[in-house]
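*Asks:* Mapping the first sequence onto my numbering, position 97 (from 1) lands on 499, and the numbers just tick up by one.
Cβ coordinates follow ideal geometry from the N, Cα and C atoms, glycine included.
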Amino acid sequence: MPAITLPDGSVRQFDAPVTGTTVAEAIGPGLARAALAMKVDGKPVDISTEIDQDAHVVFITRRDIDALEMIRHDAAHVLAEAVQELFPGTQVTIGPSIENGFYYDFARNDPFTPEDFAPIEAKMREIVARGARFERQVMDREEAIAFFQAKGEKYKAQLIEDLPRSEVITLYRQGEWIDLCRGPHLRTTADIGTAFKLMKVAGAYWRGDHRNAMLSRIYGTAWRDQKELDAYLHQLEEAERRDHRRIGKDMGLFHIQEEAVGSVFWHPKGWKLYRTAETYMRRRLDASGYQEVKTPQLVDRILWEKSGHWENYRQNMFIAHVEDEDKSLALKPMNCPCHVQIFRQGLRSYRELPLRMAEFGACHRYEPSGALHGIMRVRAFTQDDAHIFCTEAQIAPETVRFVELLSSIYRDFGFESFRVKFSDRPEARSGSDDVWDQAEAALKEACATAGVEYELNPGEGAFYGPKLEFVLRDAIGRDWQCGTLQVDFVLPERLDAEYVAEDGARHRPVMLHRAILGSFERFLGILIEQYAGRFPLWLAPVQAVVATIVSDADAYAEEVATALTKAGLTVRTDLTNQKINAKVREHSLLHVPVLAVVGRKEAETRTVALRRLGGSAQDVVSLEEAVARLAAEATPPDLRADRV
RNA sequence: GCCGGCGUAGCUCAGGGGUAGAGCAACUGAUUCGUAAUCAGUAGGUCCACAGUUCAAUUCUGUGCGCCGGCACCA
């Protein structure tokens, strides 16, 4: 005799087990029409599910966010059906809903190409129009395996074989087509609607393992209505305009060329941006008790053997040989072993701890070609690296301190929020399990102390210790690790770092590896996308252009530029023989934040007309006022008087 | 590294078995014009590289390199 409690708190009694459909009908025909699925005690299920005991029920309609995920999941099923109708012999594997859409991985000798999209999409629309009911079916495990084997679907059969014994095997049928699926689903394929679109093809390894077969993946996007789909596609176009590779080219910030794959040629404006960020970081580190050092680029393999990099990281290292010498040197892929060498010079005392050693360290790593991406993933990059040598007791306070510094710096750069991931021990690692237990526990405790909330990222730690990853998102939604904090008990041991403690005996320090930006290259790439090239004044590589209206104002324009330069701004003049409209347009397209326009009037009255990027207002102020105002605004956030 | 796509002027792109075109940019000249494109003219290309097919290849085929989207790998 189930009693159904609805979201408004009302309760409906039924004499016998009922399906969601029946309950919805009992409430009203409108709801019966709109209810696509439901949540029973918080768990999403098919609307046709029978409820046989008291439960809280929430109906899911098209307007609910939960419907979106189901639309996407169902669209994946329809995609698979369409593909199998059009391309017999193609095997299905998995097809989940994902952020913004869905994908399906197919096993097939000839991978799909974008040319296949039109016919597949047409077939999908046909299947949606058919409106076949999604029917759930429970099947015995062995029977299900035999069923898929008989169809030649060996991937599906394997999926079932690998499911835990306790798992109930369910299949969903839509018309003639049937798939292994946990559910839940909408009522019919018609409920998916027509606001979907196939987006791209990609190779993907079966079960995400590169030793397995490569499958052909089709990505699609799906939404509740055409308006949402259009908005999403528009947003994608907008995001493309923010792409740091495009902006880097348009603004003349940097380039990369074939002869130095994965390395950045910084142009004057790009390097100005880089230096602004570097100078800022140096000030912040100086103020936070770090000591900056500089260590060698090329280091003998002997040191890398000691540190464990030779064993664990060699495939990512650039090795250098000299003609007449029987030596192998490696370009450093990380700075840590070098920093330990500095730590090891002389006898260290516990009084020096925590010792925070920072370096803007240029590192080289041989990254797989497919991983390279603009300046965000390169083979030569500069980390804002530091190693904190400390005692175990200092791990937690140093973590708190670090997270505060990182948050403050991210905020200054305009990133109000970021995600944190906790990566624990990887398969290939140095150090005993005991040491890893200790390191992971210490980092977790430090997080608790610092109030850091994180998601788990299993098996993704560095080979010498667990790490926290601070993740920022680029324009098109890809996540990038920037900051990191790693607890390391291994390297101090391997490289024999020690200090004399209060008790007069020698002890091992703990090493905290940490970076805030991660690498300047990646961080600046994200920064470019964050601002779409329209930087706040303190970051802009060219902060103002003084543009003339008539050539009579040339001398005055030079005077204005000089005054602004003296005040510390980076300024250019535009004395070209063009209309002011053209000048405004040109410098706006280059994202110059301030345009100082001078014509006859300004020259006579010693004023400038300030125009902000993106605005159309003109602010005519005296030269002194303009200099004072812009100088104040161009002050980096950490140097501002109102800094709390 | 793997799967797919792409590689034509500085940029964005069109074209196509008989050795190439547009717009913008550049350069020259005219124009001094008050807030997102003044007008006219000029110049600019081993059509990514190498090999093959062909009377003829930038176009077709193969290989390599690079780029783009994913996967795998990672700051």
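1) Considering only their Cβ atoms, is the gap separating residue 871 from residue 883 smaller than 8 Å?
2) Give the list of continuous alpha helix (DSSP H) stretches no shorter than 4 residues that lie fully inside the segment 828-915.
3) According to DSSP, which residues form a beta bridge with residue 541?
4) If we call anything under 8 Å between Cβ atoms a contact, is residue 962 one with residue 887?
5) For residue 944, collect the residues of the same chain with a Cβ closer than 7 Å to its Cβ; drop the 5 residues on either side in sequence, then sort them by chain order.
6) Please go through the segment 715-785 and give each complete alpha helix (DSSP H) segment of 4 or more residues, from N-terminal end onward.
7) Measure the C-alpha to C-alpha separation of residue 927 and residue 789 and round it to an integer number of angstroms.
8) My guess is that residue 472 and residue 459 are in contact by the Cβ rule of under 8 Å, so how many angstroms apart are they, rounded?
9) So for residue 1053, helix, strand or coil by DSSP?
10) In chain order, which continuous runs of the beta strand (DSSP E) of length 3 or greater are located wholly inside the segment 442-501?
11) On the criterion of 16 or more Cβ atoms from any shown chain inside 10 Å, does residue 403 qualify as buried, or is it exposed?
12) For residue 416, name the three-state secondary structure that DSSP assigns.
13) What does DSSP give as the partner residue(s) for residue 668 in the beta ladder?
14) Taking C-beta to C-beta, are residue 977 and residue 954 nearer than 8 Å?
15) Can you give me the start and stop residues for the beta strand (DSSP E) that residue 618 sits inside?
16) Taking residue 784 as the reference, give the member of 699, 614, 725 with the closest Cα.
17) Near residue 580, what residues of its chain come up, given a Cβ to Cβ distance below 6 Å and the 5 sequence neighbours on each side ignored?
18) Mark residue 633 as exposed unless 16 or more other C-beta atoms lie within 10 angstroms of its C-beta, in which case mark it buried.
19) Tell me which same chain residues have a C-beta within less than 6 Å of the C-beta of residue 779, skipping the five on either side of it?
20) Please state if the CB of residue 484 and the CB of residue 463 are separated by a distance shorter than 8 Å.
21) Indicate the three-state DSSP secondary structure (helix, strand or coil) for residue 932 in the structure shown.
22) Would you kindly check if the distance between the Cβ of residue 934 and the Cβ of residue 644 is under 8 Å?
23) Taking the alpha-carbon of residue 996 as reference, which of 596, 509, 1013, 795 has the nearest alpha-carbon?
24) Is the beta carbon of residue 1010 sitting closer than 8 Å to the one on residue 998?
25) To the nearest angstrom, report how far apart residue 905 and residue 650 are at their CA atoms.
26) For residue 481, count neighbouring C-beta atoms within 10 Å of its own C-beta (all shown protein chains included) and say buried if the count is 16 or more, exposed if not.
27) Should residue 867 be labelled buried (16 or more other beta-carbon atoms within 10 Å of its own) or exposed?
28) Determine contact between the segment 744-753 and the segment 707-717, defined as no fewer than three beta-carbon pairs at a distance below 8 Å.
29) Starting from the Cα of residue 857, find the closest Cα among 869, 925, 865, 623 and give me that residue.
30) Does DSSP put residue 700 in a helix, a strand or coil?
31) Would residue 502 and residue 591 be called neighbours here (beta carbons separated by less than 8 Å)?
32) Under a Cβ-count criterion, where at least 16 other Cβ atoms within 10 Å of its own Cβ denotes burial, should residue 566 be classed as buried or exposed?
33) Less than 7 Å between C-beta atoms, sequence neighbours within five positions excluded: which residues of the same chain meet that for residue 966?
34) Looking at the strands, I want to know which residues DSSP matches up with residue 440.
35) Whose CA, out of 814, 848, 474, 835, lies closest to the CA of residue 625?
36) Bridge partners of residue 603, per DSSP?
*Replies:* The short version:
1) yes
2) 835-852, 892-896
3) 571
4) no
5) 671, 972, 974, 994
6) 738-746
7) 24 Å
8) Contact flag wrong, Cβ pair sits at about 16 Å.
9) Absent from the model: residue 1053. The displayed extent of the chain is 403 to 1046, so no value can be given.
10) 445-448, 457-462
11) exposed
12) coil
13) 656
14) no
15) 616-624
16) 699
17) 573
18) exposed
19) 773
20) no
21) helix
22) yes
23) 1013
24) yes
25) 56 Å
26) buried
27) buried
28) no
29) 869
30) strand
31) no
32) exposed
33) 946, 973, 1029, 1032
34) 447, 461
35) 474
36) 620
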